[in-house]
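Student:
Protein chains: 2
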Amino acid sequence: MANETLLQFLESSGFISPSQAVEIAAHFRPKAIGKHDFLLREGWVSDEYFFLSTGLMRAFSYDKDGNDVTTAFYTAEQIVFEYSSFFRRTPSAENIQALTDCEGWFITHQQMNALFHSRNEFREFVRSVLVKIIASLKSRMLSMIMDSATERYEHLLREAPQIMQHAPLKNIASYLGITNTSLSRIRARPKGNS
Amino acid sequence: MANETLLQFLESSGFISPSQAVEIAAHFRPKAIGKHDFLLREGWVSDEYFFLSTGLMRAFSYDKDGNDVTTAFYTAEQIVFEYSSFFRRTPSAENIQALTDCEGWFITHQQMNALFHSRNEFREFVRSVLVKIIASLKSRMLSMIMDSATERYEHLLREAPQIMQHAPLKNIASYLGITNTSLSRIRARPKGNS
DNA sequence: ATAAATTATTGTCATTTGGCAAGTATCAGC
DNA sequence: GCTGATACTTGCCAAATGACAATAATTTAT
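Protein chains in written order, with the working numbering: chain U, 33 to 226; chain Y, 33 to 226.
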């Protein structure tokens with residue numbers, strides 16, 4: 033497994049030059065995760081800053097009735113970790129699981145912190161990753177407020193078809209904030225109908 | 033206006049010592065915002081990293097029908113800025129407005145970046161602020177998925193009564209993702225009823 | 001390949017929430 | 001204090017979504 037995608041991801045942030053990317057990427061170690069295996073389990077402290085180069089993952093926790101709720105999907109070329117747990121060194125409330133066979137590269141919390149404090153460009157990179165996470169959470173939040181379930185579904189279909197192809201519908205339903213029954217009906221409804 | 037609350041806020045992050053807090057706080061300048069005035073308007077680039085020491089603010093934007101949607105409330109002792117706009121130097125999609133007379137302290141983007149790169153402890157502080165924002169967005173997201181409108185309302189009532197006291201109900205309604213009609217009914221409903 | 005388990009769809013009906021309009025209360029400016 | 005504007009409440013009904021249960025389809029394990 034070569035690390036081209038990692039190099040490209042580091043550079044695409046706009047803060048890291050090609051030669052810096054090579055130096056930084058040298059700290060990352062490869063990691064493969066089989067379908068259905070876990071990157072993180074509830075109660076663990078997230079210790080890996082994981083770049084997903086291929087595959088699909090999801091994060092989930094449980095509601096008060098014990099139902100599994102998907103809180104996030106992670107498609108290729110994203111950093112996957114549990115932000116609160118990782119930075120605060122607290123037990124994670126979430127699980128992160130592979131929906132397909134996955135491959136990627138990781139550094140530990142300690143390595144990440146060392147790079148963060150020693151390299152301006154990596155610092156900017158880390159910050160930009162956090163800002164990107166905030167922006168996507170906000171837009172999902174806004175969508176929950178302003179859009180109907182149907183619109184949210186169609187948006188996901190348009191923006192992330194990989195998810196539709198590989199994730200079970202019940203996971204997609206809870207991610208969209210609806211029941212699987214409703215999702216099933218939305219999908220059955222002839223498209224373009226009001 | 034003395035800066036004790038700012039000092040205390042910096043220290044309470046756990047990353048900044050009292051003497052460092054004094055040095056860092058020295059860069060902040062005081063700012064007062066009258067009720068209904070704006071800290072940020074749609075289209076501007078957010079350039080102030082603003083610590084709100086007293087008062088209440090809200091962020092809002094507009095949906096496709098032109099309705100005002102409250103995206104966030106900011107109570108005292110929080111950093112107020114538009115994350116994407118501030119860090120990416122792009123025009124803000126949101127407005128940030130004072131709901132009561134407000135006072136606080138700010139540094140510019142440039143000052144913030146200088147401190148971020150020159151001081152380990154401030155760097156950790158900035159990161160912890162971003163992580164806190166992410167955590168609160170996630171818990172609000174989860175609440176949108178798992179809780180009923182009534183539960184979300186009661187939760188807000190419990191966790192942030194200042195908001196209930198000073199924000200118009202229509203702002204609270206859009207923040208909770210419901211219409212003001214529905215909020216009105218929820219409030220009218222005898223509490224504890226199912 | 002088969003059986004068991006999981007996942008997805010569909011029917012029926014209840015509940016929640018929304019849309020609109022009328023009426024009431026509150027607030028801001030003069 | 002008046003007056004107009006804005007905000008809030010309430011009634012009526014419609015639309016969206018959920019709950020539960022019965023299939024149907026698909027996946028997984030053997």
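Where is the CB? At the ideal position from N, CA and C, for every residue including glycine. Quick caveat, the model's predicted, so the values are computed rather than measured.
#1: Quick one: list the residues of chain U neighbouring Y/Ser124, beta-carbon separation under 8 angstroms, in chain order.
#2: Taking any Cβ of chain U, which residues in the segment 69-85 of chain Y have a Cβ under 9 angstroms from it, in chain order?
#3: Any heavy atom of the ligand MG closer than 7 angstroms to the CB of U/Thr213?
#4: Which chain U residues sit within Cβ distance under 7 angstroms of Y/Leu215?
#5: Tell me, please, which residues DSSP counts as bridged to Y/Ala64.
#6: Rounded to a whole number of angstroms, what is the C-alpha to C-alpha distance between Y/Met178 and Y/His187?
#7: Kindly list, in the order they appear in chain U, the residues whose Cβ is closer than 8 angstroms to that of Y/Phe119.
#8: For the alpha helix (DSSP H) that contains U/Ser45, what are its first and last residues?
#9: Helix, strand or coil: which one does DSSP assign to U/Phe157?
#10: Less than 8 angstroms between CB atoms is the rule here; does Y/Ser206 satisfy it with respect to chain U?
#11: Work out the CA separation of U/Ser78 and U/Glu114 for me, nearest whole Å.
#12: Output the distance between the C-alpha atoms of U/Glu191 and Y/Trp137, rounded to the nearest integer angstrom.
#13: Between U/Asn225 and chain Y, is the shortest Cβ-Cβ distance under 8 angstroms, so that the two count as touching?
#14: Exposed or buried, what is Y/Asn127 when buried is set at 16 or more other beta-carbons lying within 10 Å of its beta-carbon?
#15: Near Y/Pro222, which residues of its chain fall below 8 angstroms by C-beta distance, leaving aside the five closest residues on each side in sequence?
#16: Mind checking which residues open and close the beta strand (DSSP E) that includes Y/Thr182?
#17: Note down the Cα distance separating U/Trp76 from U/Phe82, rounded to an integer number of angstroms.
#18: Please classify Y/Asn99 as buried or exposed, where buried requires at least 16 other C-beta atoms within 10 Å of its C-beta.
#19: Considering Cα atoms alone, identify which of U/Met173, U/Ala199, U/Asn145 is closest to U/Leu131.
#20: With a floor of 4 residues, list each alpha helix (DSSP H) that falls wholly inside the segment 69-150 of chain Y, ordered by position along the chain.
#21: So U/Lys202 contacts chain Y; which residues on that side make the cut at Cβ distance below 8 angstroms?
#22: Mind checking which residues open and close the alpha helix (DSSP H) that includes Y/Asn212?
Tutor: Taking the geometry as given:
#1: Ordered by position in chain U, no residue passes the 8 angstroms Cβ test against Y/Ser124, which lies about 12 angstroms from the chain.
#2: none
#3: Because no ligand of any kind appears in the structure shown, any question about the ligand MG cannot be addressed here.
#4: Per Cβ cutoff of 7 angstroms: no residues; Y/Leu215 is ~13 angstroms from chain U at best.
#5: Y/Glu135
#6: 13 angstroms
#7: Arg159, Ser160, Val163
#8: Per DSSP, U/Ser45 belongs to no alpha helix (DSSP H) and is neither H nor E.
#9: helix
#10: yes
#11: 6 angstroms
#12: 40 angstroms
#13: In this prediction, U/Asn225 scores a pLDDT of 43, lower than 50, which makes its location untrustworthy; the coordinate-derived value is nonetheless stated afterwards. Not one chain Y Cβ lies under 8 angstroms of U/Asn225.
#14: buried
#15: none
#16: Counting along the chain, Y/Thr182 falls outside any beta strand (DSSP E), though it belongs to the alpha helix (DSSP H) covering 181-191.
#17: 15 angstroms
#18: exposed
#19: U/Ala199
#20: 115-120, 141-150
#21: Residues of chain Y passing the Cβ test: none, with the nearest at roughly 13 angstroms.
#22: 212-220
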